[in-house]
Amino acid sequence: MSTASLLQVSCVTKRFGGLAALEEVSLDVRAGEIYGLIGPNGAGKTTLFNCMTGLYSLTSGAVKLAGAPLQGLKPHQIVKCGFARTFQNIRLFANMTALENVMVGRHPRSRAGILGAVLRGRGTRAEEADIRDQARSLMDYVGLHNKGRTLAGHLAYGDQRRLEIARALATEPKLLALDEPVAGMNPSERRQMGELFLRLRAGGVTLLLIEHDVKLVMGLCDRVAVLDYGRKIAEGDAASVQRDAAVIAAYLGSTPVGAAPT
Amino acid sequence: MDIFAQQLVNGLVLGSIYALVALGYTMVYGILELINFAHGEVTMIGAMVALTVIGVLAGVAPDLPGVLVVLGGILVAIPACMLLAFGIEKIAYRPLRKAPRLAPLITAIGVSIILQNLAMLIWGRQYVSFPEILPTTKFEVFGAHISLLQIAIVVLALTIMACLWLLVERTRLGRAMRATAQSREVAELMGVNVDRVISATFIIGAAIAAIAGVMVSAYYGLAHYYMGFMLGLKAFSAAVLGGIGNIAGAMLGGLLLGVIEALGAGYIGDITGGFLGSHYQDVFAFFVLIGVLVFRPSGLLGERVANRA
Ligand SMILES: Nc1ncnc2c1ncn2[C@@H]1O[C@H](COP(=O)(O)OP(=O)(O)O)[C@@H](O)[C@H]1O
Ligand SMILES: [Mg+2]
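Chains as they are written, first to last, in our numbering: chain A, 1 to 262; chain B, 1001 to 1309.
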């Protein structure tokens, strides 16, 4: 596995009025790893995603992807740099078909504009066919076979989660940030998702994974960071974080990790 | 002559023009939830620019067939309106993107007043007449007189609607527009340059409005700096009737409103025993608007407008 750093989060602070949702958080995600981000509800995990993807501006600090600073860029520019994400509360384009959702994800990697749309020359049509083919194969890749024509809002819950991943993958990310991607899934679905994550990593995508399912996190992640009240209280490989006294106190109360609810 | 057939034809012609203008309202509303009151004025500017070009062309090349002269007018009016709408969005609306919704709404009214006055300064207060250069051939079908111009208007309007439908449903830009309409934030997080999509939406609506402006002025034989006001209100009513934000709704609403208005104008004399004449035609659009807002605020094809508006 490569040890080159892909994502560098340096001293990121985010305040909402008086509330510091993130306090000097630093992370370093290496290319090719699955990096877990855990912490109790309200710890600031989603806020960190929002800060990195350009939805929120940082109060202070810096974020770099493959050496290029992200802060100050618009969300669509950050996507183009190779940073894609999914959402804790599924946010699909519910009135569009599943396939179209993934096709929207091809947007930053395709070109046809207003002229192309009006004239529909050969180049535009070829590009459109490519977009469709790529979207189809991504749907297959995440396990959504023959569901392309279903409205995204009508898909089963687990399939919606998969579709969000396919849509994010369509942007050709170097780094894929997943916000609680298996929340609400049953154990067998979780296992399948875990396999998907491993396949993604094998395919060269670095994963940043917010997850509550400690067993899943510990089984999948190369390294884990723990957030609590907006601060990073621990970081390291799964086993050492699991033993960390501060983590056990903050995140798991006094119960040992193995007994945490999944 | 059969009044019903005749008014049906007239209504369809007028309705297809309303539909074209309504598309501009509904597309912008779909994406920004903004009622772009300046859109009627953009239509008016399209008519005025085209008439100016048509006047010049007809003067310098009197032998040119009328259809080509009008086409020349349209081809200048389209980019003029696109540029205008691009500028309006960029200068007047974009800085207010994050402001409370009333702010851009009031701005839109302001822009429309500015455009009216600008047009008055440029083209004057008097009616600008459409030169009689188009063929006036008429056919009689089912007791109704149908002119070549009427046929051309309806055919062109339907073609434009079909093209727009294809654009929205089958192209990368159209997909980005629909995605942006559903969630600007998520579209942006999937790599859509939302500012560009919004500009494109205004530009496309304006191009269609330019053509509609030429159609109205050719149909009535005149244009006027104030014409955008009533046309805009009616097209807006049509968009609300169809379900604002819904593209198919704007098309349906426009056609329907045109027919309601024409039939209403045709029979209002009979209904009121001669008390009200056909010049009360304009009132029907507003009956429809009020009726829709009271009984079906989401419009005929609209869904979740209630929680948006
Ligand atoms: N847009 C916002 N405005 C104000 N407070 C916010 C906003 N977003 C998040 N917060 C606050 O920041 C804290 C962290 O929330 P969040 O990042 O969603 O936690 P997590 O994802 O770890 O459960 C919470 O206290 C939350 O209320
Ligand atoms: Mg969260």
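Every residue gets a Cβ at the ideal spot worked out from N, C-alpha and C, and that includes glycine.
Neighbourhood of residue i by C-beta, 8 Å cutoff - its chain only, sequence neighbours within 5 removed
i: residue 1194 of chain B; result: 1180, 1184, 1187 and 1188
i: residue 13 of chain A; result: 20, 22, 23, 24, 25, 58, 59, 60 and 61
i: residue 87 of chain A; result: 164 and 179
i: residue 68 of chain A; result: 81
i: residue 1014 of chain B; result: 1219, 1258, 1261 and 1262
Where residue i falls: helix, strand or coil (DSSP)
i: residue 948 of chain B; result: An answer regarding residue 948 of chain B cannot be provided, because it is not within the stretch 1001 to 1309 covered by chain B.
i: residue 2 of chain A; result: With a pLDDT of only 49 at residue 2 of chain A, under the threshold of 50, the placement of this residue in the model should not be trusted; the figure read from the coordinates follows. Three-state result, residue 2 of chain A: coil.
i: residue 1316 of chain B; result: One cannot answer for residue 1316 of chain B here, as it falls past the ends of chain B, which runs 1001 to 1309.
i: residue 1199 of chain B; result: helix
i: residue 72 of chain A; result: coil
i: residue 174 of chain A; result: coil
i: residue 231 of chain A; result: strand
i: residue 1322 of chain B; result: Outside the shown range of chain B, which is 1001 to 1309, sits residue 1322 of chain B, and nothing can be said about it.
i: residue 35 of chain A; result: strand
i: residue 1075 of chain B; result: helix
i: residue 221 of chain A; result: coil
i: residue 1309 of chain B; result: At residue 1309 of chain B, the pLDDT of 33 sits below 50, so the modelled position is not reliable; the number obtained from the coordinates is stated separately. Looking at residue 1309 of chain B - three-state DSSP - the assignment turns out to be coil, as it is neither helix nor strand.
i: residue 53 of chain A; result: coil
i: residue 159 of chain A; result: helix
i: residue 94 of chain A; result: coil
i: residue 1185 of chain B; result: helix
i: residue 1017 of chain B; result: helix
i: residue 30 of chain A; result: strand
i: residue 240 of chain A; result: helix
Cβ shell of residue i (< 7 Å), same chain only, five flanking positions each side left out
i: residue 1086 of chain B; result: 1199, 1202 and 1203
i: residue 53 of chain A; result: 75, 78, 83 and 85
i: residue 1230 of chain B; result: 1282
i: residue 1002 of chain B; result: 1142, 1143 and 1144
Residue environment, residue i, which counts as buried when at least 16 other CB atoms sit within 10 Å
i: residue 1234 of chain B; result: buried
i: residue 197 of chain A; result: buried
i: residue 139 of chain A; result: buried
i: residue 1228 of chain B; result: buried
i: residue 51 of chain A; result: buried
i: residue 45 of chain A; result: buried
i: residue 275 of chain A; result: As shown, chain A starts at 1 and ends at 262. That puts residue 275 of chain A outside it, with no answer to give.
i: residue 96 of chain A; result: buried
i: residue 255 of chain A; result: For residue 255 of chain A, the pLDDT reaches just 48, beneath the cut-off of 50, and the residue's location in the model is therefore unreliable, leaving the point undetermined.
i: residue 1282 of chain B; result: exposed
i: residue 11 of chain A; result: exposed
i: residue 1214 of chain B; result: buried
i: residue 213 of chain A; result: buried
i: residue 1251 of chain B; result: buried
i: residue 1026 of chain B; result: buried
i: residue 1169 of chain B; result: exposed
i: residue 47 of chain A; result: buried
i: residue 89 of chain A; result: exposed
i: residue 211 of chain A; result: buried
i: residue 41 of chain A; result: exposed
Cutoff 6 Å; reference residue i; Cβ partners in own chain excluding five residues on either side
i: residue 232 of chain A; result: 25 and 225
i: residue 1138 of chain B; result: 1145 and 1147
i: residue 1157 of chain B; result: 1016 and 1020
i: residue 127 of chain A; result: 110 and 112
Three-pair Cβ contact test at 8 Å for the stretch 61 to 73 of chain A versus the stretch 1 to 21 of chain A: yes
So if I threshold CB-CB distances at 9 Å, which residues from the stretch 107 to 118 of chain A count as touching chain B? 107, 108, 109, 110, 111, 112, 113, 114, 116, 117 and 118
Contact between the stretch 1154 to 1174 of chain B and the stretch 1032 to 1039 of chain B is defined here as three or more beta-carbon pairs at a separation below 8 Å; is this criterion met? no
Sufficient close CB pairs (3 or more, under 8 Å) joining the stretch 1121 to 1129 of chain B to the stretch 1061 to 1069 of chain B: no
Short of 9 Å Cβ to Cβ, which residues in the stretch 71 to 93 of chain A face chain B? 74, 75, 76, 77, 78, 79, 80, 84, 85, 87, 91, 92 and 93
Positions along the stretch 1093 to 1109 of chain B whose CB lies within less than 9 Å of some CB in chain A: none
Counting only Cβ-Cβ distances shorter than 9 Å, please list the residues of the stretch 39 to 68 of chain A near chain B, keeping chain order. 53, 54 and 55
Mind the definition here: the stretch 1047 to 1065 of chain B touches the stretch 1244 to 1264 of chain B only if three or more C-beta pairs lie below 8 Å; say whether that holds. no
Closer than 7 Å, Cβ to any Cβ of chain A: which residues of the stretch 1153 to 1174 of chain B, in chain order? 1167, 1171, 1172, 1173 and 1174
Which residues, in order along the stretch 163 to 189 of chain A, keep a beta-carbon less than 9 Å from a beta-carbon of chain B? 167, 168, 170 and 171
Give me the subset of the stretch 127 to 148 of chain A whose CB atoms are less than 9 Å from a CB atom of chain B, sorted by chain position. 127, 128 and 131
Taking 8 Å as the threshold, find out whether the stretch 105 to 114 of chain A comes into contact with the stretch 202 to 217 of chain A through three or more Cβ pairs. no
For the stretch 1175 to 1186 of chain B, enumerate the residues whose C-beta is nearer than 8 Å to any C-beta of chain A, in chain order. 1175, 1176, 1178, 1179, 1182, 1183, 1185 and 1186
Which residues of the stretch 1207 to 1221 of chain B have a Cβ closer than 7 Å to any Cβ of chain A? Give them in chain order. none
Residues of the stretch 94 to 106 of chain A with Cβ closer than 9 Å to any Cβ of chain B, in chain order: 94, 95, 96, 100, 101, 103, 104, 105 and 106
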